Structures are given as structure tokens and as C-alpha cells.
Amino acid sequence: MTAFLVGFVVGGAVVGLIAILVGPSRRVRAEPALDDEVETRLLLGLEPEPTEAPVVQIPHPRDYETTHIRQLEELSKAPKKRRGKTR
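At position 6 of the sequence shown (counting the first as 1) the number is 482 in the numbering used here, and the numbers step up by one without a gap.
So this is what it looks like as C-alpha cells:
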């Protein structure tokens with residue numbers, strides 16, 4: 477009688493395990509795959525979508541005149557002086 481009861485419990489456990497593994501597999505396979513970054517974040521326990529700080533636009537203090545722009549272009553083309561030790 478004890479062997480029958482143990483066999484019944486083990487058989488029920490095996491059937492339950494198979495139902496857990498095989499049952500939802502069709503629905504899981506039908507779902508679209510997660511993005512690699514989202515999956516990694518979920519596995520690491522991080523937020524799936526990181527919150528980004530809002531971009532603050534700072535208005536420019538003034539408009540440059542054409543002479544200022546020309547001076548800046550000349551400075552960018554000028555040779556740069558080396559600082560520090562030379563080899």
C-alpha cells in the first residue's frame with residue numbers, strides 16, 4: 477500500500493512538472509523576442525527602460541556677428557602652440 481501511495485505521488489509530481497514545462501511553451505514561442513538590452517536589464521534586476529534626464533535647452537546669450545565668426549575661424553586655423561616638455 478505504501479509503495480502504491482509513493483508511486484502515485486511521484487507520478488503526480490512528474491505529470492505536474494511536464495505540464496509546467498510543456499504547457500505554456502507554445503504561447504511563449506509565439507511571443508516576439510525581447511530586445512537584447514531590455515533582456516539584459518531584466519536579468520540584472522535593473523529597470524527595463526532607463527529614465528533619461530530631460531534635455532534642458534539654454535538660450536544662447538547673444539548672436540555673433542560675421543566679424544566674430546571670421547575671427548573664430550581664423551583662430552581655429554592658426555597653428556597650435558605646444559605646451560609642456562618636448563621630446
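The beta-carbon is built from N, C-alpha and C at its ideal position, and this holds for glycine as well.
Computed from a predicted structure; not experimentally measured.
What is the DSSP secondary structure of Arg556, reduced to helix, strand or coil?
One point to set straight first is that residue 556 is Lys, not Arg, in the sequence displayed. Residue state, collapsed to three classes: coil.
Please state whether DSSP places Gly521 in a helix, a strand or coil.
It is coil, neither helix nor strand.
Run through DSSP, which three-state label would Glu550 get?
Three-state DSSP puts Glu550 in a helix.
Just how far apart, CA to CA, sit Gly483 and Asp512?
In a straight line, the C-alpha of Gly483 is about 44 angstroms away from that of Asp512.
Going by C-alpha distance, which of Pro530, Glu515 and Ala529 is nearest Glu523?
Taking only the C-alpha atoms, the option nearest Glu523 is Glu515.
What did DSSP end up calling His544 once you bin it into helix, strand or coil?
The answer is helix: DSSP assigns His544 an H, G or I state.
Can you tell me where the alpha helix (DSSP H) holding Gly492 begins and where it ends?
First-last of the alpha helix (DSSP H) with Gly492: Thr478 to Val498.
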